[in-house]
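Student:
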Amino acid sequence: CTSIIAQDKDGHLTHARNLDFGLFMGWDATIHDWPISQKLRKMIINVNWIKDGKLLFKSNNFAGYVGIYNGLKPNAFSLTADDRFQLEGGYYGIIKWLFGLEADGKWMSWLARETLETKATYLDAKEHLMNTPMLSPVYFILGGAKKDEGCIIARSLNGTAILSEMSDSPHGWYLLETNYDQGTEALYLDDRDTPGIRCMDKLTQKNAGFEGIFNVLSSRTNLNKLTTYTVLMSVETARFETILQSCPGECYPW
Amino acid sequence: HVELPAPYKDHCILDDKQNLYDPSKQFDIPWFDVNLDLPPSERWKQVGAAYKTQIADLIGVLIDLITPIFPEAVKFADDVFGEMAPKLAQPYRDEIYSISEVTGIPLGQITMYNIFYEIFTV
Numbered sequence: 351c352t353s354i355i356a357q358d359k360d361g362h363l364t365h366a367r368n369l370d371f372g373l374f375m376g377w378d379a380t381i382h383d384w385p386i387s388q389k390l391r392k393m394i395i396n397v398n399w400i401k402d403g404k405l406l407f408k409s410n411n412f413a414g415y416v417g418i419y420n421g422l423k424p425n426a427f428s429l430t431a432d433d434r435f436q437l438e439g440g441y442y443g444i445i446k447w448l449f450g451l452e453a454d455g456k457w458m459s460w461l462a463r464e465t466l467e468t469k470a471t472y473l474d475a476k477e478h479l480m481n482t483p484m485l486s487p488v489y490f491i492l493g494g495a496k497k498d499e500g501c502i503i504a505r506s507l508n509g510t511a512i513l514s515e516m517s518d519s520p521h522g523w524y525l526l527e528t529n530y531d532q533g534t535e536a537l538y539l540d541d542r543d544t545p546g547i548r549c550m551d552k553l554t555q556k557n558a559g560f561e562g563i564f565n566v567l568s569s570r571t572n573l574n575k576l577t578t579y580t581v582l583m584s585v586e587t588a589r590f591e592t593i594l595q596s597c598p599g600e601c602y603p604w
Numbered sequence: 052h053v054e055l056p057a058p059y060k061d062h063c064i065l066d067d068k069q070n071l072y073d074p075s076k077q078f079d080i081p082w083f084d085v086n087l088d089l090p091p092s093e094r095w096k097q098v099g100a101a102y103k104t105q106i107a108d109l110i111g112v113l114i115d116l117i118t119p120i121f122p123e124a125v126k127f128a129d130d131v132f133g134e135m136a137p138k139l140a141q142p143y144r145d146e147i148y149s150i151s152e153v154t155g156i157p158l159g160q161i162t163m164y165n166i167f168y169e170i171f172t173v
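Residue numbers (the working numbering), protein chains in the order written: chain A, 351 to 604; chain B, 52 to 173.
(1) Name the residues in the segment 376–389 of chain A whose C-beta lies less than 8 Å from a C-beta of chain B; which are they?
(2) Given a cut-off of 9 Å on the beta-carbon distance, is the pair A/T480 and A/T510 in contact?
(3) Under 9 Å between C-beta atoms, does B/A101 make it to chain A?
(4) If you draw a straight line from the alpha carbon of A/R570 to that of A/I512, how long is it in whole angstroms?
(5) Would the beta-carbon of A/Y524 be found less than 8 Å away from any heavy atom of the ligand ADP?
(6) Which residues, in chain order, does the segment 516–543 of chain A contribute to contact with chain C at a C-beta distance below 9 Å?
(7) What are the residues of the segment 120–135 of chain B that lie near chain A, defined by any Cβ-Cβ distance shorter than 9 Å?
(8) Where does B/N165 sit, in a helix, a strand or coil, going by DSSP?
(9) According to DSSP, is A/V488 part of a helix, a strand, or is it coil?
(10) What does the alpha-carbon distance come out to for the pair A/M484 and A/I444?
(11) Going by C-alpha to C-alpha distance, which of A/T577, A/V585, A/I354 and A/K401 sits closest to A/L390?
(12) Apart from the five residues on each side of it in sequence, which residues of its chain come closer than 8 Å, Cβ to Cβ, to A/L594?
(13) Measure from the C-beta of B/I170 to each C-beta in chain A and report whether the shortest distance is under 9 Å.
(14) Report back the beta-carbon spacing between A/F427 and A/Y472 to the nearest angstrom; my notes put them in contact at under 8 Å.
(15) From what residue to what residue does the alpha helix (DSSP H) around A/S459 run?
(16) Do you know whose CA, among B/E54, B/K60 and B/V53, lies nearest A/S600's CA?
(17) Per DSSP, what kind of secondary structure is B/T154 in: helix, strand or coil?
(18) According to DSSP, is A/K631 part of a helix, a strand, or is it coil?
(19) Between the segment 108–117 of chain B and the segment 432–444 of chain A, can you find at least three pairs of beta-carbon atoms closer than 8 Å?
(20) Can you tell me whether A/T534 is buried or exposed, with buried defined as 16 or more other CB within 10 angstroms of its CB?
(21) Between A/T510 and chain B, is the shortest Cβ-Cβ distance under 9 Å, so that the two count as touching?
(22) Is A/L363 close to chain B, meaning its C-beta is less than 9 Å from at least one C-beta of that chain?
(23) Check this for me: beta carbons of A/T592 and A/V581, under 9 Å apart or not?
(24) Could you check where the alpha helix (DSSP H) with B/L65 kicks off and where it finishes?
(25) Below 9 Å between beta carbons: does that hold for A/S486 and A/L507?
(26) By a C-beta neighbour count over all protein chains shown, 10 Å radius and 16 as the cutoff for buried, is A/K456 buried or exposed?
(27) Does any CB atom of chain B fall closer than 9 Å to the CB of A/Y489?
(28) Compare the C-beta of A/D358 against all C-beta atoms of chain B and say whether one is closer than 9 Å.
(29) Given this structure, state the Cα-to-Cα distance separating A/I563 from A/G494, to the nearest angstrom.
(30) Closer than 8 Å is the cut-off here; do at least three beta carbon pairs connect the segment 96–114 of chain B with the segment 405–417 of chain A?
(31) For A/G421, would you say it is in contact with chain B, using Cβ-to-Cβ distances shorter than 9 Å as the test?
(32) Using DSSP with H/G/I as helix, E/B as strand and the rest coil, what is A/K401?
(33) Along the segment 466–494 of chain A, where does the CB come closer than 9 Å to a CB of chain B? Name the residues.
(34) With DSSP as the reference, label A/S428 as helix, strand or coil.
Right, dumping it as structure tokens:
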């Protein structure tokens, strides 16, 4: 996956992500694609979540999946979640949960949904995502409606391992997260940080909007054979667009 | 960073002065309402009914992948994840039960699908 939060020169924020899924789950040698990714592309839906008869927030989901990977609460915050792989990973949380040792721990995508359902501001959401015990590590990428409201929360099961703020970003006007801790090198066989950063730097801040960031996320290898869709969000305007993605032909498998 | 060999090399399409963004493509993805004012068992009925074939196909691919290595995969998913389901927190539990009911897919398999992120991080 790749998540990006960028702000233009006037401080307007755009939050976007590519969802990549299906690695090592078979390979269809006839059409040169991952079969799980192929199936997932047919199951993508957008959801308006209604409460008290009004729109509470928006998300996209795979049909039949009740948790949330990406969501937008108008005038409050936007959220995406990228996989974080740790030795003490999700299986450890599941085992602890099964034995009742982590009874209060939240499943990742349910914590994201709970945050969108119950938190009204960027700061409330940030506090909740940083401190609620959970059952698996993850990167929460959180954006707001105002200038500099953007952060990456690298979560371990019981707390926040690393918090990276937009205001401290080494890139100045954007944050980019794939599946590695900020400030560490990505695995050389799976380095989507370098091409993503190079392409964002070519984009420049004055073009930081839906069009520009979609083009970055449509560039190899941030776009690869695992990519199922790109979602583009603006908290300020409540625009939420999901666009189907694939990478046919000679494209890197992940 | 190690550059990939051609034709897999990283490539920023901005170098080609291309614009791939077509906002009309967002309408390829359908919108549904999930009404939190309804009981959890009612919220996903429309989505479940519309996508039962696709959900079954996806879980079928997972099972086909695992079965050659682990022939008891279907039974394992039905039994182990089926037994986990009653312990899940509300309102997710009732929502998952209703999706299983409306799609006709065993509860254990729908539960496995819904906690797949945690399994995948292994």
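Don't be surprised by glycine CBs; every beta carbon is placed ideally from N, CA and C.
Values in this document were obtained by computation on a predicted structure and should not be read as measured data.
Tutor: To lay it out plainly:
(1) G376, P385, I386 and K389
(2) In the first sequence, counting from the first residue as 1, residue 480 of chain A sits at position 130. In the first sequence, counting from the first residue as 1, residue 510 of chain A sits at position 160. Checking the displayed sequence, the identity of residue 480 of chain A turns out to be Met instead of Thr. Contact flag set, yes.
(3) Within the second sequence, residue 101 of chain B is the residue found at index 50, counting from 1. Yes, B/A101 counts as interfacial toward chain A.
(4) Position 220 of the first sequence holds residue 570 of chain A. Position 162 of the first sequence holds residue 512 of chain A. About 28 Å.
(5) Summarising the ligand content, the structure contains no ligands, and the ligand ADP is consequently not present.
(6) Absence of chain C from the displayed structure is noted, the protein chains being A and B.
(7) M135
(8) As a working note, residue 165 of chain B is residue 114 in the second sequence. Of the three classes helix, strand and coil, the one that applies to B/N165 here is helix, per DSSP.
(9) On the first sequence, position 138 is the one that residue 488 of chain A refers to. Strand at A/V488.
(10) Translated into the one-based positions of the first sequence, residue 484 of chain A becomes position 134. Translated into the one-based positions of the first sequence, residue 444 of chain A becomes position 94. The alpha-carbon atoms of A/M484 and A/I444 are separated by roughly 10 Å.
(11) Here residue 390 of chain A corresponds to residue number 40 of the first sequence, with the count starting at 1. Here the closest residue by C-alpha is A/T577.
(12) The sequence position of residue 594 of chain A within the first sequence is 244, counting from 1. R391, I394, T578 and Y579.
(13) Counting from one through the second sequence, the residue named residue 170 of chain B turns up at place 119. At least one chain A Cβ lies under 9 Å of B/I170.
(14) Reading the first sequence from its first residue, position 77 is the one you call residue 427 of chain A. Reading the first sequence from its first residue, position 122 is the one you call residue 472 of chain A. Indeed, because the Cβ distance is near 4 Å, the residues count as touching under 8 Å.
(15) Here the question's residue 459 of chain A lines up with position 109 in the first sequence. Start and end: M458 to T468.
(16) Counting from one through the first sequence, the residue named residue 600 of chain A turns up at place 250. It is Glu, not Ser, that sits at residue 600 of chain A in the sequence shown. Out of B/E54, B/K60 and B/V53, B/K60 has the C-alpha closest to the C-alpha of A/E600.
(17) The residue you call residue 154 of chain B lines up with position 103 of the second sequence. Correct three-state label for B/T154: helix.
(18) Outside the shown range of chain A (351 to 604) lies residue 631 of chain A, about which nothing can therefore be said.
(19) no
(20) Within the first sequence, numbered from 1, the residue matching residue 534 of chain A stands at position 184. When all chains shown are included, A/T534 counts as exposed.
(21) In the first sequence, the residue the question calls residue 510 of chain A occupies position 160. Judged by the 9 Å Cβ criterion, A/T510 is not in contact with chain B.
(22) Looking up residue 363 of chain A in the first sequence gives position 13. No, because no Cβ of chain B sits closer than 9 Å to the Cβ of A/L363.
(23) By 1-based counting over the first sequence, the position of residue 592 of chain A is 242. By 1-based counting over the first sequence, the position of residue 581 of chain A is 231. Result yes, Cβ atoms of A/T592 and A/V581 sit closer than 9 Å.
(24) Indexing the second sequence from 1 puts residue 65 of chain B at position 14. From DSSP, B/L65 is part of no alpha helix (DSSP H); its letter is neither H nor E.
(25) As a working mapping, residue 486 of chain A is identified with position 136 in the first sequence. As a working mapping, residue 507 of chain A is identified with position 157 in the first sequence. Taking 9 Å as the Cβ cut-off, A/S486 and A/L507 qualify as a contacting pair.
(26) Here residue 456 of chain A is taken as the residue at index 106 of the first sequence, counted from 1. Buried, because 16 or more other Cβ atoms sit within 10 Å of the Cβ of A/K456.
(27) Translated into positions along the first sequence, residue 489 of chain A becomes position 139. So no, A/Y489 is outside the interface.
(28) Position 8 of the first sequence, counting from 1, holds the residue named residue 358 of chain A. A/D358 does not count as touching chain B.
(29) Locating residue 563 of chain A in the first sequence gives position 213, counting from the first residue. Locating residue 494 of chain A in the first sequence gives position 144, counting from the first residue. Roughly 17 Å separates the two Cα atoms.
(30) yes
(31) Within the first sequence, residue 421 of chain A is the residue found at index 71, counting from 1. Cβ-Cβ to chain B under 9 Å: no for A/G421.
(32) One-based indexing of the first sequence puts residue 401 of chain A at position 51. A/K401: strand per DSSP, three-state reduction.
(33) E467, L485, S486, P487 and V488
(34) One-based indexing of the first sequence puts residue 428 of chain A at position 78. Note: A/S428 maps to strand in three-state DSSP.
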